[in-house]
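S.K.: Protein chains in written order, with our numbering: chain A, 249 to 546; chain B, 1058 to 1725. C-beta: ideal position from N, C-alpha, C; glycine also. Can you read through this structure? Questions will come right after.
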Amino acid sequence: MLQRFLDPGVLASISSLDLLAKTVVDGFVAGLHRSPDFGFSSEFAEYRAYTPGDDLRHVDWNLYARTERCYLKRYRGDTNSQLTILLDASNSMDYSAAPGRPSKMDYARFAAASLFYLAIHNQRDAAGLIVFDDEVRNYVRPSTRQGQLHRLLAGLEQAEPRARTDFTKPLLHFQNLLHRRGIVIMFSDFYEDPASIVKTIEPLRYHGNEVVLFHVLDPKEIRPELRGPAILVDLETDQHLEVIPEYARHEYIRKIDNHLEQLKERTQGAGMDYHLLMTDQPLDTTLREYLAIRHGGR
Amino acid sequence: MGFLSPWFLLGLAALGLPVYIHLLRRHVTTPLKFSSLMFFERGTQSSTRHRRLRYLLLFALRTALLLLLVLAFANPFVRRAAAGPSDSVLLLVVDNSFSMKAGTKFADAKRAALQVLASRTRSRPAEIMAMGGRLEVLTQPIQDQAALHSALESIQPGDSRANLGELAHGVRALEESLHTPIELHLFSDMQRSGMPANFSDVELPPNVSVVLHPVGAVATPNWTVESVHAPAQLADPKDPKVSRVQAVIAGYGTPAASRTVSLIVNDKTIATRKVTVPADGRATVEFEPLDVPYGLNRCAIRIDSADGFPADDLSVFSVKRSDPERVLFVHQAGDRRSPVYFSAALAAATQASFNLQSIDSDKSADVAPSKYAFVVLSDAMTLPSIFENALVRYVQGGGNVLIAAGTSAAHRAHIPVFGGSTSEAHIYTRDGYATVGQTDLAHAVMNGVSWADAKFYYVAAVDPAQSRVIVRLTDSTPLLMEKQIGEGHVLLFASGFDNLTNDLPVRPAFVPFVDRTAHYFSGNDNVSSRLVDSFVDLRSAASKTPSEGVEIIGPDGRRALSLAEAASAQSFQLERAGFYHIRFANGREALLAVNPDRRESNLEPIPPDLLALWGKGSATPTTSTPGYAREKNPAHSIWWYVMLLVLVAAVAESIVASQYLGTQREEA
């Protein structure tokens, strides 16, 4: 029943990111309990023979009583990870085709907030945030300290779309900021040449990071609807262009489909994960992907 | 093409409005924001062309709408050329009035009409009419040559008077019903007397062209018996005051000449006179005494004119020789005054003699009213019932009664025979007297009679229900009323004839009143002859009871009415000259002498300039026959069609504009 809180249209009416993230994650987790194929938490993984020096707290004393052999009981969730979210805050992320639908920026914020909540509350992972456009505008160091979630959500709140996207310049800073290996998730609309994007982001993999690209787009960006000739204004460059419907119906669709295909092929070819997020889709895709990576269940 | 209201063309300046909107004003399109134009390309050229096409269509529609609206207000018209001969209806009108009997005029006219009819193309519809006293339509617009020919042949000369005003009226009515051009061919002697006094009466519709075919257009000298004055009823041939015949002989375009005038009675010439008629003038000849036998006599005055129009040399009149008719005067026993006044007035007035027999009302029980020409009841409200019943039957059978109410009416609730209820009498002695306020001069008994000087002191108050009030006093009290009962009439005088209740009996107006009343009641209107086309009343229109059929023997000796007509006809038109022997519904017989209108004897034609004016100046003779043709090039207003186009343009503009606006809204 709580699945309805994953709908972006419903989430857009929740003003507090904290509440929004809690709503999303609680609804998501409640839905997971009904899933037979997926599981997590600190569950039993294997028995290992005791070797001197091992912590006696992990010895399975019940087994020792029955067999008089000393085994250690090991759990999967014992390791902590580090989640870093790169959020594109360029002007193009401010686009929304329908009045009731959240903009791409809002959608990315919702998803990031949910991920932060899930990571900190449920997984007790360290989480950090980098907001960028043509340079790094905000950086919240990954941490598990008290109040980290609050700082992250505040960073998301302050991330208003501005300027234009440029991956090259901020990526230099990313490599300096990401010392420890972990999960790097990037939210962007990726209006760049796919080869250039992959070439710029690929170095993040070299530190052993799991890199996931969430391509956030409005449905009308993939299938634009024009009833007549219109003048379009680029949100980033403020360029005016007169466009006819025939072009938008045929040539544009062909070009954007080709762009998405190339982006997917090149990112996967570079060992990164790529997911297309439509702003009218529920947020569980994001959370599912994170957990899959977190537990290596892919 | 032209404009009836060209000033409205100034509205064409409004065409600048769509020009400004579509061509001069900059178009503002609301830009749409998009995340990135990375995959878009400019489509300006095709986009602009598309928009211009749509704008140009809207511009054209709006411009056309304004243009058509201005044109509609300017009231455009087109001049259609006069319809070709094959498009119009050929209307042949032959004059068969009395004057066409002169010489060979009628034969010439008919021959010319047959020639025009023969030259007609077979596909062209034609219609035949005869113009006499009224326009007689002989055929509808048809193409059957045989029917048209026989209709033309059937026209015979008549005795009526031609009237071009009647012709124009008929043609106007025909044009309204046909809605096609008409080519009117008139075959006539174009008598000047046929032209109405008002020239606008002969005005024809624009799409009627006139071709005149004058026959015998030269004025010929003509003598005629212009009028005859003779007594219609004669009681004593030796009475020099009435036993005489006066005839006026007139000459039109004639030199001074001596003419022989004959008096003919019942086809026998009984007297002849020589009279000298001055050049283009008149002379009077008198015959006396007029000795005619008893009964209805056919009389005539004839001249030996020896001119080209012998038909008008004879004027007929009728004289009825009879003994003096008796009039019953019933009065109160003590009343000796009213018989004296009434008999004196009757003797002084009437040409036809009446013998007044006065009796007391008490002694009237064994009197038969049917033996009298009419009955007078003077202040005799109390009658023997047997006499009163006889009077009622007498009136219903066609008899007439004059009732003077006197002072005794106030004592009776009902007036005998008349039947009207009475109430309190009006006594005017306190205020002096009452005078006459309204008089119905159209009634026969008051025609030319004025009671304005008479003073009325006592008038009975009678309910005038269902009666015609002829005279009222100044206070609207009915004074003289007439009621139709059966075939007879009852006149009620609400005062008396005794010179006590009023002073009318000693006034000069009393004599003509009695005279006209006597003639009205006796059925003798004192006219010895009538004009052709006049009407005669056969029976009372108000009579509800079935009456006997009338009988009319025409000049040709045949019955002029069918049996059905004889049983129901109210009036009869005297269409032919001669004698009509008529037996009316009330049993009275009369011999009516009918003469043509003597204006037909003046054969002077209409001046050519007047004819040319009638033909609108286009005096172009036709190739076949001489005449005057009128060409018409009428203007036809087409504003109605322009308004239809305005409507279509407005609807189209609305559709195109709404589509455009709808698209803009969706895009926004």
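Note down the Cα distance separating serine 1579 (chain B) from phenylalanine 1431 (chain B), rounded to an integer number of angstroms.
M.R.: Cα-Cα distance, rounded: 7 Å.
S.K.: List the residues of chain B that aspartate 482 (chain A) touches, going by C-beta distances under 7 Å, in chain order.
M.R.: Result: Phe1091, Ser1093, Leu1094.
S.K.: Taking C-beta pairs closer than 8 Å, name the residues in chain A that phenylalanine 1097 (chain B) reaches, listed in chain order.
M.R.: Going along chain A in sequence order, the residues near phenylalanine 1097 (chain B) (Cβ under 8 Å) are Leu480, Leu489, Val491, Tyr495, Ala496, Tyr500.
S.K.: Which runs of the alpha helix (DSSP H) spanning at least 4 residues fall entirely within the region 398-428 of chain A, listed in chain order?
M.R.: Runs found: 416-425.
S.K.: Mind the definition here: the region 1586-1596 of chain B touches the region 1413-1429 of chain B only if three or more C-beta pairs lie below 8 Å; say whether that holds.
M.R.: They do not touch, by the three-pair rule.
S.K.: Output, in chain order, the set of chain A residues within a Cβ distance shorter than 9 Å of proline 1238 (chain B).
M.R.: Chain A residues near proline 1238 (chain B): none, gap ~57 Å exceeds 9 Å.
S.K.: I'd like the list of long-range same chain contacts for proline 451 (chain A), defined as Cβ closer than 8 Å, with 5 residues on each side in sequence excluded.
M.R.: Hits under 8 Å: Leu419, Gln423.
S.K.: Taking C-alpha atoms, which residue in A:Gly517, A:Tyr319, A:Asp303, A:Ser344 lies nearest to alanine 443 (chain A)?
M.R.: Among A:Gly517, A:Tyr319, A:Asp303, A:Ser344, the Cα nearest to that of alanine 443 (chain A) belongs to A:Gly517.
S.K.: In chain order, what residues of the same chain have a beta carbon less than 7 Å from the beta carbon of serine 1103 (chain B), not counting five sequence neighbours either side?
M.R.: The predicted position of serine 1103 (chain B) is uncertain, since its pLDDT is 44 and thus under 50; a value taken from the coordinates is nonetheless stated next. Answer for serine 1103 (chain B): no residue qualifies.
S.K.: What is the DSSP secondary structure of glutamine 1202 (chain B), counted as helix, strand or coil?
M.R.: Reduced to three states, the DSSP call for glutamine 1202 (chain B) is helix.
S.K.: How many whole angstroms separate the CB atoms of glycine 1545 (chain B) and asparagine 1457 (chain B), which I take to be in contact at a CB cut-off of 8 Å?
M.R.: Contact flag correct, Cβ pair sits at about 5 Å.
S.K.: Can you name the start and end residues of the alpha helix (DSSP H) that glutamate 513 (chain A) belongs to?
M.R.: From DSSP, the alpha helix (DSSP H) with glutamate 513 (chain A) extends over 499-517.
S.K.: Among the residues of its own chain, which have a CB less than 7 Å from the CB of alanine 411 (chain A), if the five just before and after it don't count?
M.R.: Taken in chain order, the residues that qualify are Ser338, Asn339, Asp381, Asp382.
S.K.: Would DSSP call glycine 1053 (chain B) helix, strand or coil?
M.R.: It is not possible to answer for residue 1053 (chain B), since the shown part of chain B is limited to 1058 through 1725.
S.K.: Just how far apart, CA to CA, sit tyrosine 1112 (chain B) and alanine 478 (chain A)?
M.R.: Those two C-alpha atoms are separated by around 16 Å.
S.K.: Between which two residues does the beta strand (DSSP E) harbouring proline 1133 (chain B) extend?
M.R.: Element bounds for proline 1133 (chain B): 1133-1136.
S.K.: Among B:Asp1613, B:Glu1608, B:Arg1394, which has the Cα closest to the Cα of alanine 1624 (chain B)?
M.R.: Here the closest residue by C-alpha is B:Glu1608.
S.K.: Going by C-alpha to C-alpha distance, which of B:Ala1642, B:Ala1425, B:Thr1558, B:Ser1585 sits closest to alanine 1287 (chain B)?
M.R.: Nearest option by C-alpha distance: B:Ser1585.
S.K.: Any Cβ of chain A within less than 8 Å of the Cβ of proline 1088 (chain B)?
M.R.: Judged by the 8 Å Cβ criterion, proline 1088 (chain B) is in contact with chain A.
S.K.: Could you tell me how far apart the beta carbons of leucine 1115 (chain B) and tyrosine 1717 (chain B) are, in whole angstroms, since I believe they sit closer than 8 Å?
M.R.: Leucine 1115 (chain B) to tyrosine 1717 (chain B), Cβ: 7 Å. Contact.
S.K.: So who's on the other strand from tyrosine 295 (chain A), going by DSSP bridges?
M.R.: Answer is A:Lys321, bridged to tyrosine 295 (chain A).
S.K.: Going along the chain, which unbroken runs of the alpha helix (DSSP H) with 4 or more residues stay wholly within the region 1408-1458 of chain B?
M.R.: Those alpha helix (DSSP H) runs which fall completely within the region 1408-1458 of chain B and span 4+ residues are 1442-1453.
S.K.: Go ahead and label valine 1449 (chain B) buried or exposed: buried means 16 or more other beta carbons lie within 10 angstroms of its beta carbon, across all protein chains shown.
M.R.: Buried is the call here.
S.K.: Leaving out five residues before and five after tyrosine 312 (chain A) in sequence, what residues of the same chain have Cβ atoms less than 7 Å from its Cβ?
M.R.: Result list for tyrosine 312 (chain A): Cys318, in chain order.
S.K.: What residues of chain B sit near isoleucine 504 (chain A), judged by a beta carbon separation below 7 Å?
M.R.: Within 7 Å Cβ-Cβ: Phe1096.
S.K.: Return the first residue and the last residue of the alpha helix (DSSP H) that histidine 1576 (chain B) is part of.
M.R.: Taken as a continuous stretch (DSSP letters only), the alpha helix (DSSP H) holding histidine 1576 (chain B) covers 1567-1579.
S.K.: Flag histidine 507 (chain A) as yes if its beta-carbon sits less than 8 Å from any beta-carbon of chain B, otherwise no.
M.R.: Closer than 8 Å: yes.
S.K.: Based on Cα-Cα distance, which residue from B:Val1194, B:Ala1175, B:Thr1178 lies nearest to glutamate 1184 (chain B)?
M.R.: Nearest option by C-alpha distance: B:Val1194.
S.K.: Among the residues of its own chain, which have a CB less than 8 Å from the CB of valine 1334 (chain B), if the five just before and after it don't count?
M.R.: Excluding residues within five positions, the ones whose Cβ falls inside 8 Å are Trp1280, Ile1306, Ala1307, Gly1308, Thr1311, Ala1313, Ala1314, Ser1315, Arg1316, Ala1340.
S.K.: Let me know if isoleucine 1712 (chain B) comes out buried or exposed under the rule of 16 or more other beta-carbons within 10 Å of its beta-carbon.
M.R.: Label assigned to isoleucine 1712 (chain B): exposed.
S.K.: Any beta carbon of chain B sitting closer than 8 Å to that of serine 340 (chain A)?
M.R.: Interface residue, yes.
S.K.: Give the interface partners of tyrosine 343 (chain A) over in chain B, defined as CB-CB distance under 8 Å, in chain order.
M.R.: What tyrosine 343 (chain A) touches in chain B: Lys1090, Phe1091, Ser1092.
S.K.: Indicate the three-state DSSP secondary structure (helix, strand or coil) for alanine 1676 (chain B) in the structure shown.
M.R.: Any reading at alanine 1676 (chain B) must be qualified, since the residue scores a pLDDT of 37, below 50, and its modelled position is unreliable; the value itself is stated next. Three-state DSSP puts alanine 1676 (chain B) in a strand.
S.K.: Give the C-beta separation of arginine 453 (chain A) and valine 459 (chain A) to the nearest angstrom, bearing in mind that I take them to be a contact with Cβ-Cβ under 8 Å.
M.R.: The Cβ separation is near 6 Å, so the contact holds.
S.K.: Is the beta carbon of valine 1651 (chain B) closer than 8 Å to that of threonine 1574 (chain B)?
M.R.: Cβ distance not < 8 Å, so threonine 1574 (chain B) and valine 1651 (chain B) don't count as in contact.
S.K.: Give me the residue from A:Met526, A:Asp532, A:Phe438, A:Leu397 with the minimum Cα distance to phenylalanine 1096 (chain B).
M.R.: When only C-alpha atoms are compared, the closest one is A:Phe438.
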